[in-house]
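Under the working numbering, the first residue of the sequence shown carries the number 15, and numbering increases by one thereafter.
For each residue, glycine too, the CB sits at the ideal point set by N, CA and C.
Notes follow the structure.
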Amino acid sequence: MSASVPEWLEKYPDPKNEPSRTSREEVFKLLQDGEETLILDLRNDREPGYITRSLHVPATDIGGYEEIKEKVLLPVAQQFPKTRLVVVHCNSSGRRASKVGGWLEDYSREHNTRVKVTILHEGIKGWLAAGEPYDSIVTKV
C-alpha cells in the first residue's frame, strides 16, 4: 500500500530544481497542437475528472528520485513515444507536483534527456473550474 501524501512528502528529499509553471491556456494550446505534450496526473485518484490524454502515476507510488526513470520516464516512452514535454499536476499543483516535477527536471539535466518538464499552474482544480473549452478534453469520473 502507498504511503499517505503527508508521509510521502516527509519521507523523500526535495529536488534540486523546480520546473517552470505553465498556464492552463498554454497547456490547452500545446495539447491541441499535437502529441508532443503529455499530462502526468499525480493524484491518488482521478475524481472528479482528468485530462483525457494523460498518464496516471500517483506520486505516492514513486519511491523518490531513484524511481523516476522506472516509474515515470519508461512508461511515458513506452505509451507516448512522441512526448517532448511532460506537464505534471496534482490537485492544486502544490507539493506533489513540485517534488515529482523537480525530480524529473533533475533527471533531465543530469542525463541530458530530450523531455522537458513543466507544472500545470493551479493543477486540475483550476483546470476543472475553468469550464469550457477545457472541459472538452476532460473525462469525468
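- Task: Under 8 Å Cβ to Cβ from residue 152, same chain only, skipping five residues before and after it: list those, please.
- Result: One-based indexing of the sequence shown puts residue 152 at position 138. Closer than 8 Å at Cβ, skipping near neighbours: 63, 64, 65, 66, 141 and 142.
- Alpha-carbon spacing of residue 61 relative to residue 123, whole angstroms: For this step, residue 61 is matched to residue 47 along the sequence shown. For this step, residue 123 is matched to residue 109 along the sequence shown. Distance from the CA atom of residue 61 to the CA atom of residue 123, rounded to whole angstroms, is 33 Å.
- Item | Between the CA atoms of residue 106 and residue 88 - distance to the nearest angstrom | For the purposes of this step, residue 88 is taken as the residue at position 74 of the sequence shown. For the purposes of this step, residue 106 is taken as the residue at position 92 of the sequence shown. For the pair residue 88 and residue 106, the Cα-to-Cα distance works out to about 25 Å.
- Counting pairs of beta carbons, one from the segment 21-30 and one from the segment 110-122, are three or more of them closer than 8 Å? The segment 21-30, when compared against the segment 110-122, does touch it at the 8 Å Cβ threshold.
- Item | Spatial distance of residue 78 from residue 146 (CA atoms) | Taking the sequence shown and counting its residues from 1, the one referred to as residue 78 is at position 64. Taking the sequence shown and counting its residues from 1, the one referred to as residue 146 is at position 132. Their backbone Cα atoms lie some 36 Å apart in a straight line.
- Taking 7 Å as the cut-off, decide whether the C-beta atoms of residue 109 and residue 54 are in contact. Along the sequence shown, read from residue 1 onward, the residue named residue 109 stands at position 95. Along the sequence shown, read from residue 1 onward, the residue named residue 54 stands at position 40. No. Outside cutoff.
- Alpha carbon to alpha carbon, how far is residue 75 from residue 47? Taking the sequence shown and counting its residues from 1, the one referred to as residue 75 is at position 61. Taking the sequence shown and counting its residues from 1, the one referred to as residue 47 is at position 33. Approximately 31 Å, taken between the alpha carbons.
- Task: Could you spell out where the beta strand (DSSP E) holding residue 64 opens and where it closes?
- Result: On the sequence shown, residue 64 is found 50 positions in, with the first residue counted as 1. In this chain, the beta strand (DSSP E) harbouring residue 64 covers 63-65.
- Between 40, 56 and 25, which lies nearest to residue 148 when the distance is taken from Cα to Cα? For the purposes of this step, residue 148 is identified with residue 134 of the sequence shown, where counting begins at 1. Looking at the Cα atoms, 40 is the closest of the given residues.
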